[in-house]
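Comments concern the structure below.
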Amino acid sequence: MSTDIQHNPEKNPAENRSNGELIRLEQVTKRFGDNTVLDNLDFSVQAGKHVTLIGPSGSGKTTILRLLMTLTKPDEGRITVDGQQLFPAPEKQIREVRKKIGMVFQQFNLFPNMTVLRNITEAPVTVLGMSKDEAEARARELLDMVGLADKCDARPTQLSGGQQQRVAIARALAMRPQVLLLDEVTSALDPELVAGVLDLLRDIARTTDITMLCVTHEMNFARDISDQVLMFDSGRVIESGTPEKIFNDPENDRTREFLSAVL
Ligand code: ADP
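Residue 63 in UniProt numbering is what sits at position 63 of the sequence shown, and the numbering runs on without skipping anything.
Structure follows, in structure tokens:
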């Protein structure tokens, strides 16, 4: 599986990155009206690492993923991905840098009028210029990997939530992103479907070199896959460390309060 998914390192040499950093946010501020959602935020993610953002609802976690996806823009600050600036940057550069990033959303966001196969081939063909045959061959490999090889011709509405989320994961990976952003990807699933999707993500984390940035309320999952956990409160990182440190021996009172409410 690793060769299927991992980004071609020759095209993105590590020397392009400073200190192996793949993502860097510097002094990023984001406001919605009077609401300062991210407040002068600095953090970075090393290539190949799995970083989980935890913290109370409304603390700005999803906004960070949306900034990286360029679904919204910061008011101030700088965002760099793989040594190239994503913000501020000209539109053409933003489009190029954006190709390095894939995202899986809470609500799947599949194209309802397209088959499962077409959902996965659409962006590789239209954005990357991949041939239809190559995109389809890769989509079939990915569907096999996520356990849905027999669903190529199905429409999203014919699938369970768990199956739709597997298709969304395959769709994100089809672009061979260097970074996979996961935004509470099991929150909309029926409880019995959650474990299967988390197991798939655990496999991807274990067997590929893809960098992951996750927002999740699944603390056991966060503990399993994370190299680093960042605890957010009111748009700031108030504590960060290994999962062992954050979950077993948090230093900040707010982290302790939050964890005792969710664990
Ligand atoms: P989290 O993911 O930690 O729950 P979010 O990043 O979703 O937090 O939201 C942080 C804050 O930003 C919340 O107060 C939310 O209401 C606000 N917010 C997010 N998106 C918008 C938007 N498009 N317009 C106005 N406010 C927003």
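From the three backbone atoms N, C-alpha and C, an ideal C-beta is built for every residue, glycine too. No experiment lies behind these values; they were computed from the predicted model shown.
Every residue with a CB closer than 5 Å to a heavy atom of the ligand ADP is listed here in chain order: 32, 37, 57, 58, 59, 60, 61, 62 and 63. Of the residues assessed, residue 165 falls on the buried side of the cut-off, its CB having 16 or more other CB atoms within 10 angstroms. The residues 98, 101, 103 and 181, in chain order, have a CB closer than 8 Å to that of residue 69 in the same chain once the five nearest residues on each side in sequence are set aside.
With respect to residue 261, residue 54 sits apart: the two C-beta atoms are not nearer than 8 Å. Assignment of residue 158 by DSSP, reduced to helix, strand and coil, places it in the helix class. Rounded to whole angstroms, the gap between the alpha carbons of residue 106 and residue 215 is 10 Å. The alpha-carbon of residue 135 is positioned some 9 Å away from that of residue 123.
For residue 258, the enclosing alpha helix (DSSP H) begins and ends at 253-262. Comparing alpha-carbon positions, the option among 217, 42 and 173 lying closest to residue 186 turns out to be 217. Taking the Cα of residue 39 as reference, the smallest distance to any Cα among 211, 120, 78 and 22 is reached at 78. A Cβ-Cβ distance of about 5 Å is found for the pair residue 75 and residue 31, placing them in contact under the 8 Å criterion. When the beta-carbon positions are compared, residue 65 and residue 46 stay at least 8 Å from each other.
In the three-state DSSP reduction, residue 244 falls in the helix class (H, G or I).
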